[in-house]
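Be aware that the sequence shown starts at 1, since it is given in my numbering, and climbs by one per residue.
Note that the Cβ used here is the ideal one computed from N, Cα and C, for glycine as well.
For reference, the structure discussed in these notes is given below.
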Amino acid sequence: MPRRPPEPSSRLTAAEVGELLGVSRETLDRLQTYLDLLVRWQKAINLVGPATLADPWRRHVLDSGQLRRSWPKDARRLVDLGSGAGLPGLVLAILGVPEVHLIESDRRKAAFLREAARACGAAVTVHAARIEEVPPLMADVVTARALAPLTDLLGLAERHLQPRGVCLFLKGRTVETELTSARESWTMCLHREASLSDSESQVLIISEIRRAASQSV
Numbered sequence: 001m002p003r004r005p006p007e008p009s010s011r012l013t014a015a016e017v018g019e020l021l022g023v024s025r026e027t028l029d030r031l032q033t034y035l036d037l038l039v040r041w042q043k044a045i046n047l048v049g050p051a052t053l054a055d056p057w058r059r060h061v062l063d064s065g066q067l068r069r070s071w072p073k074d075a076r077r078l079v080d081l082g083s084g085a086g087l088p089g090l091v092l093a094i095l096g097v098p099e100v101h102l103i104e105s106d107r108r109k110a111a112f113l114r115e116a117a118r119a120c121g122a123a124v125t126v127h128a129a130r131i132e133e134v135p136p137l138m139a140d141v142v143t144a145r146a147l148a149p150l151t152d153l154l155g156l157a158e159r160h161l162q163p164r165g166v167c168l169f170l171k172g173r174t175v176e177t178e179l180t181s182a183r184e185s186w187t188m189c190l191h192r193e194a195s196l197s198d199s200e201s202q203v204l205i206i207s208e209i210r211r212a213a214s215q216s217v
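Dropping the structure here:
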């Protein structure tokens, strides 16, 4: 088990995050390139909350990269919904996920994703379109962060998830309310993991999603 990171009052360094995620110096350099671009583009495009850039290795790299702990064996294709700044999808591509699709309808953000992927040497496919408009991608894993309530996320993920696929969703303080609401419309197999980056957050690992009988068309 990885050690717990320092408390949020202590800003995490690249080396500390590298130890927590178990990544090489070369990979940390590529992640630093990503963060440098994020700061540069943030001046023109609102990619992330400005306050998060005070502790970017914790708030963005560790928060996204921790999903590798939950990665299913033999999974290859990842679809990241509403990628925005590439969190978590682009970070996971830099960490070595082999086939990554980033869906982002905002064309300026999609341009950032393409430039960041090029600069970091990450092989990704960027879909500059609404999630509902992209043809089904049959992903092994679907991810999302700060995109929508869980009920809506499951509806979006269902389109792109292969039958035995898994959703990895990063959720914060509202997770219990969102789960209660989602279970009115969906059945699912749920497992949770405590977040490495935020003591008030969780990683939801969801499989076997089905619309509840009352919601079936």
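Neighbour-count burial assignment, residue i, 16 or more Cβ in a 10 Å radius
i, result
"A44", "exposed"
"P242", "This structure does not reach residue 242, given that the chain is present from 1 up to 217, and the question cannot be answered."
"K109", "buried"
"D140", "buried"
"A213", "exposed"
"A117", "buried"
"S24", "exposed"
"K171", "buried"
Contact set for residue i: own chain, Cβ-Cβ below 6 Å, skip 5 residues either direction
i, result
"I246", "Absent from the structure is residue 246, since the part of the chain shown begins at 1 and ends at 217."
"H101", "V79, T125, L137"
"R11", "D55"
"M1", "Annotation note: pLDDT 44 at M1 (below 50); position unreliable, no value reported."
Residue i: CB within 6 Å of a non-hydrogen atom of the ligand NAD
i, result
"T174", "Ligands displayed in this structure: none; no statement on the ligand NAD is therefore possible."
Range of the contiguous alpha helix (DSSP H) that encloses residue i
i, result
"E193", "First-last for E193: 186-194, but that is the beta strand (DSSP E), not the alpha helix (DSSP H)."
"Q162", "Note, Q162: premise wrong, no alpha helix (DSSP H); beta strand (DSSP E) at 161-171."
"L21", "14-21"
"V29", "Note on identity: in this sequence residue 29 is Asp, with Val being the wrong assignment. Where D29 is concerned, the enclosing alpha helix (DSSP H) stretches over 25-42."
"T174", "Unbroken run through T174: none, as it is neither H nor E."
Integer-rounded CB distance, given that residue j should sit under 8 Å from residue i
i, j, result
"G82", "E104", "7 Å"
"V175", "S70", "Actually they do not touch by this definition, with Cβ atoms about 15 Å apart."
"A129", "T33", "At roughly 27 Å, the Cβ-Cβ gap does not stay under 8 Å, so A129 and T33 are not in contact."
Delimiting residues of the beta strand (DSSP E) encompassing residue i
i, result
"R210", "202-211"
"V97", "Where V97 is concerned, there is no enclosing beta strand (DSSP E), given that its DSSP letter is neither H nor E."
"A144", "139-145"
"R77", "77-81"
"T125", "124-127"
7 Å Cβ shell around residue i - same chain, five flanking residues per side excluded
i, result
"L47", "L38, W41, G84, A85, K109, F112"
"E158", "I209"
"V217", "Bear in mind that a pLDDT of 47 at V217, under 50, signals an unreliable position, so the model cannot answer this."
Spatial neighbours of residue i in its chain, beta-carbon cut-off 8 Å, leaving aside the 5 residues before and after
i, result
"L92", "S64, G65, L67, R68, L78, D80, V100, T143"
Query raised in the report: Within the chosen definition, does the region 50-62 reach the region 130-145 through at least 3 CB pairs nearer than 8 Å?
Result: The region 50-62, when compared against the region 130-145, does not touch it at the 8 Å Cβ threshold.
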